[in-house]
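*Asks:*
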Ligand code: BGC
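Numbering (the numbering used here), first residue to last: 24 to 753.
#1: Using CA coordinates, which residue listed in 240, 379 and 593 is at the minimum distance from residue 13?
#2: Quick check: the Cα distance between residue 470 and residue 492, rounded to an integer number of angstroms?
#3: Looking at the structure shown, is residue 559 part of a helix, part of a strand, or coil, going by DSSP?
#4: Taking 7 angstroms as the cut-off, is the beta-carbon of residue 11 closer than that to any non-hydrogen atom of the ligand BGC?
#5: Output the distance between the C-alpha atoms of residue 682 and residue 186, rounded to the nearest integer angstrom.
#6: Give the DSSP bridge partners of residue 634, in chain order.
#7: Does any heavy atom of the ligand BGC sit closer than 7 angstroms to the C-beta of residue 333?
#8: Around the Cβ of residue 464, are there at least 16 other Cβ atoms within 10 angstroms (buried) or fewer (exposed)?
#9: Quick one: what does DSSP say residue 40 is sitting in, helix, strand or coil?
#10: Since residue 662 sits in a beta bridge, which residues does DSSP pair it with?
#11: With a 10 Å radius around its C-beta and 16 neighbouring C-beta atoms as the bar for buried, classify residue 450 as buried or exposed.
#12: Should residue 36 be labelled buried (16 or more other beta-carbon atoms within 10 Å of its own) or exposed?
#13: Relative to the C-alpha of residue 495, which residue among 445, 453, 557 and 475 is closest?
#14: Give the straight-line distance between the Cα atoms of residue 417 and residue 535, rounded to the nearest whole angstrom.
#15: Who sits around the ligand BGC, taking every residue whose Cβ is closer than 7 angstroms to one of its heavy atoms?
#16: Spatial neighbours of residue 373 within its chain, please: C-beta separation below 8 angstroms, excluding the five flanking residues on both sides.
#17: DSSP beta-bridge partners for residue 69?
#18: What are the uninterrupted segments assigned as alpha helix (DSSP H) that are 4 or more residues long and contained completely in the segment 202-285, given in chain order?
#19: Alpha helix (DSSP H) containing residue 128: first to last residue?
#20: At the level of alpha carbons, what is the spacing between residue 381 and residue 176?
#21: My understanding is that residue 489 touches residue 427, with C-beta atoms under 8 angstroms, so please give their C-beta distance in whole angstroms.
#22: Alpha carbon to alpha carbon, how far is residue 296 from residue 103?
#23: Nearest-angstrom Cα distance between residue 642 and residue 738?
#24: Helix or strand or just coil, what does DSSP make of residue 716?
#25: Could you say which of 322, 274, 331 and 277 lies nearest to residue 299 if we only look at CA atoms?
#26: Give me the Cβ distance between residue 126 and residue 172, rounded to the nearest whole Å; I'm assuming they're in contact under 8 angstroms.
#27: Beta strand (DSSP E) containing residue 678: first to last residue?
#28: Quickly, what does DSSP pair residue 695 with across the bridge? List them, please.
#29: Specify the secondary structure class of residue 81 as computed by DSSP and reduced to three states.
#30: Of all the beta strand (DSSP E) runs that stay within the bounds of the segment 501-568, which reach a length of 3 or more residues?
#31: Residue 689: buried (16+ other C-beta within 10 angstroms of its C-beta) or exposed?
#32: Taking the continuous alpha helix (DSSP H) assigned at residue 149, which residues delimit it?
#33: Going by the beta-carbon positions, is the gap between residue 710 and residue 664 smaller than 8 angstroms?
#34: Given that a residue counts as buried once 16 or more other Cβ atoms are within 10 Å of its Cβ, and exposed if not, what is residue 43?
#35: Would you tell me roughly how many angstroms separate the C-alpha atoms of residue 336 and residue 459, rounded to the nearest one?
So, in structure tokens, the structure goes:
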């Protein structure tokens, strides 16, 4: 359903009235997003490592500027008391009393931390993503926040890029479902409600395609790939009603995304009909200078504003430079007014003029870590786990088993939260060890074994002594929270530090070995895939990590997550993704084909893959028609049967491929999925409706075409397996 930000005549009339009364300085101020400045000596690296230190640093809240009416929006603030205090200055002491909008990165929870977005995407359950976003909104709103810088909807095909953790993975169809669900979750039907937030689809656009997976790097991309792969999740977010969009740091084909009239105006406003406002990423306007796209801050501001960036986050060009640019006649007042209008429109729709204050310390106490949120966090976490290997049905384990839980993430709180969790607190986290104990695992021994990422060799004597007492060894290995997220690209996808050596030493004991992975990106683990008996991908599960892990390890919950990204064998394969365009020499036995001489070309674990404690059989794939017209719908039926001995959930995935086309097309593309639960022996017939109009592409002239011809169709448990058939568009 199209819920787009709409233009209401009554709201526009109120905006007209304000615009008539605002000075140029106040207008430029409306376009400005500031954060408190930190005063005095501090080390930014220390602050990032230990956000608690923020409380000790003296901050300047720019009260004078707020009073002058030259700050439209504020960020970097938590807590209803502080936020409402500043808001009161804007509302009661500034000349026009225009409320500020308070934004924050509420990415996967506020105080209750849910699994990282990449993990949640592995649930393939939009409804669940909607619920966790709604809970995050409720907790953040209780703390005075109006606006979240989420959802992050960047398609990411390169596991080296640390920000792959923040989005829904490599696929545009799944990405659209996640984008829309998260917007609905944050905003509800009406983001002026006291428990909702205005959403911000970010980072517009193609930020995930950074060359080499290196953060902030250049992007060189065909317009077709832009429109077919990277744009759809933004369109889905806009159609779901996203109030705002954030422009990204990268350049796109030589034009920075924060000063790109084509993407910001022609596409976003013109083609997608977006009526909310665009905020720059932090200092992405100022960075037009080091991009060498603008000579100085003033020119940067001019280029960004005229391209379509309405709000300046952190550069402070708009506040300082707009009045002068207008006075010099370089910038038209109409452009300024239009940007102010968009921001005021969102403020009116957010109900800020009627209810500028929100939340309170009492509400924070009631809502934060609410039992319903904790149980939702546990549910979301266990549903996001992906069972990658389970030799001889080693899992689930019995609670009576003597388990040695070994690794730097075995009894670790902080790293369960992942990146962008600074409003959460490590002390709220149930560690994996605590979760297993709480589940009644009496014979549990725990050892750290090594640090997450030590540059020095470490001694495993103690860990091996603990391992020697076990019936089953469960290794908990992976990355620290800060090894993914922003500015956390990696050149290696191996287990960091001495963890691989530890794993090999544990394997050498000859005992059954389970590997639990805690990480923010796909890792390349061919050795583990070959030698370890069972592998369960936990990602960064959040506050309820340990309870969720125990649920799956002991079989209270049958794992149902499926990979939202491909797992490579080796970092050298990156970028690797299932929906790659066909090549003239597909990989095969013959030497002169598209592959590597020193390793496999296909992924270790493909997109859509994941095991269950039961097995599913696919039967009877059929189409009502084998020929359809471009305006028709294809009806696809398939029967899925639980052929194992336990209740389980399956993600039934439908892929198509256009076999001959006027442009080289992907080898396959996800077009639909359904997640179903089946009792042992139960089977269900599923119906998929595929619109032929969704099977088109952008031709060489950038026209969207649905071409007649033969298509292949698969329905199966992953992108690499399934029943297949063909049909024709005529
Ligand atoms: C990030 C954004 C974030 C912003 C505000 C930037 O560094 O790229 O994702 O929303 O900071 O915190």
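Think of the CB as a built atom: it goes at the ideal place given N, C-alpha and C, for glycine as much as any other residue.
Since this is a predicted model, take the numbers as computed values, not measurements.
*Replies:* Looking at the atomic coordinates:
#1: Residue 13 lies beyond the range of the chain shown here (24 to 753); nothing can be said about it.
#2: Position 447 of the chain shown holds residue 470. Position 469 of the chain shown holds residue 492. Using only the alpha carbons, I get a separation of about 12 angstroms.
#3: Translated into positions along the chain shown, residue 559 becomes position 536. Correct three-state label for residue 559: strand.
#4: Examination of residue 11 is not possible in this model, given that the chain is present from 24 through 753 alone.
#5: Taking the first residue of the chain shown as 1, we reach residue 682 at position 659. Taking the first residue of the chain shown as 1, we reach residue 186 at position 163. Going from the Cα of residue 682 to the Cα of residue 186 covers about 34 angstroms.
#6: Position 611 of the chain shown, counted from the first residue, corresponds to residue 634. DSSP lists 410 as partners of residue 634.
#7: One-based indexing of the chain shown puts residue 333 at position 310. Every heavy atom of the ligand BGC is 7 angstroms or more from the Cβ of residue 333, so no.
#8: To locate residue 464, count along the chain shown from 1; it is residue 441. Result: buried.
#9: Within the chain shown, numbered from 1, the residue matching residue 40 stands at position 17. If DSSP states are grouped into helix, strand and coil, residue 40 belongs with the helices.
#10: Working through the chain shown from its first residue, we reach residue 662 at position 639. Its beta-bridge partners are 642 and 708.
#11: Residue mapping note: residue 450 aligns to position 427 of the chain shown, counting from 1. Exposed, since its Cβ has fewer than 16 Cβ neighbours within 10 Å.
#12: Locating residue 36 in the chain shown gives position 13, counting from the first residue. Residue 36 comes out exposed.
#13: Start at 1 with the first residue of the chain shown, and residue 495 comes out as number 472. Ranking the options by Cα distance to residue 495, first place goes to 557.
#14: Residue mapping note: residue 417 aligns to position 394 of the chain shown, counting from 1. Residue mapping note: residue 535 aligns to position 512 of the chain shown, counting from 1. Looking at the two C-alpha atoms, the distance is approximately 8 angstroms.
#15: 98, 128, 172, 175, 225, 226, 269, 272, 304, 305, 336 and 509
#16: Taking the first residue of the chain shown as position 1, residue 373 is located at position 350. Spatial neighbours of residue 373 in its own chain (CB-CB distance under 8 angstroms, excluding positions within 5 residues in sequence) are listed in chain order as 124, 169, 170, 214, 215, 221 and 266.
#17: Sequence index remark: in the chain shown, residue 69 carries index 46 (1-based). None; residue 69 has no bridge partner.
#18: 255-262
#19: Position 105 of the chain shown, counted from the start, is the residue given in the question as residue 128. Careful: residue 128 lies outside any alpha helix (DSSP H) and carries neither H nor E.
#20: As a first step, residue 381 must be located in the chain shown, where it is residue number 358. As a first step, residue 176 must be located in the chain shown, where it is residue number 153. Near 27 angstroms, if we compare the C-alpha coordinates of residue 176 and residue 381.
#21: Indexing the chain shown from 1 puts residue 489 at position 466. Indexing the chain shown from 1 puts residue 427 at position 404. The Cβ separation is near 5 angstroms, so the contact holds.
#22: Reading the chain shown from its first residue, position 273 is the one you call residue 296. Reading the chain shown from its first residue, position 80 is the one you call residue 103. The alpha-carbon atoms of residue 296 and residue 103 are separated by roughly 34 angstroms.
#23: For the purposes of this step, residue 642 is identified with residue 619 of the chain shown, where counting begins at 1. For the purposes of this step, residue 738 is identified with residue 715 of the chain shown, where counting begins at 1. Cα to Cα, residue 642 sits roughly 10 angstroms from residue 738.
#24: For the purposes of this step, residue 716 is taken as the residue at position 693 of the chain shown. Residue 716 falls in the helix class under three-state DSSP.
#25: Stepping through the chain shown from its first residue, residue 299 is reached at position 276. The shortest Cα separation from residue 299 among 322, 274, 331 and 277 belongs to 331.
#26: Position 103 of the chain shown, counted from the first residue, corresponds to residue 126. Position 149 of the chain shown, counted from the first residue, corresponds to residue 172. Yes, residue 126 and residue 172 are in contact; Cβ-Cβ is about 6 angstroms, under 8 angstroms.
#27: By one-based count along the chain shown, residue 678 stands at place 655. Segment 671-681, the beta strand (DSSP E) holding residue 678.
#28: The residue given as residue 695 occupies position 672 in the chain shown. According to DSSP, which records beta bridges pairwise, residue 695 is partnered with 677.
#29: Residue numbering aside, residue 81 sits at position 58 when the chain shown is read from its first letter. Strand at residue 81.
#30: If we require 3 residues or more, the beta strand (DSSP E) runs fully inside the segment 501-568 come out as 536-541 and 557-560.
#31: For the purposes of this step, residue 689 is identified with residue 666 of the chain shown, where counting begins at 1. So residue 689 ends up on the buried side.
#32: Your numbering for residue 149 matches position 126 in the chain shown. Counting along the chain, the alpha helix (DSSP H) containing residue 149 begins and ends at 149-165.
#33: Position 687 of the chain shown, counted from the first residue, corresponds to residue 710. Position 641 of the chain shown, counted from the first residue, corresponds to residue 664. Not closer than 8 angstroms, so no.
#34: Taking the chain shown and counting its residues from 1, one reaches residue 43 at position 20. Per the 10 Å Cβ criterion, exposed.
#35: In the chain shown, counting from the first residue as 1, residue 336 sits at position 313. In the chain shown, counting from the first residue as 1, residue 459 sits at position 436. Rounded to the nearest whole angstrom, the CA to CA distance from residue 336 to residue 459 is 44 angstroms.
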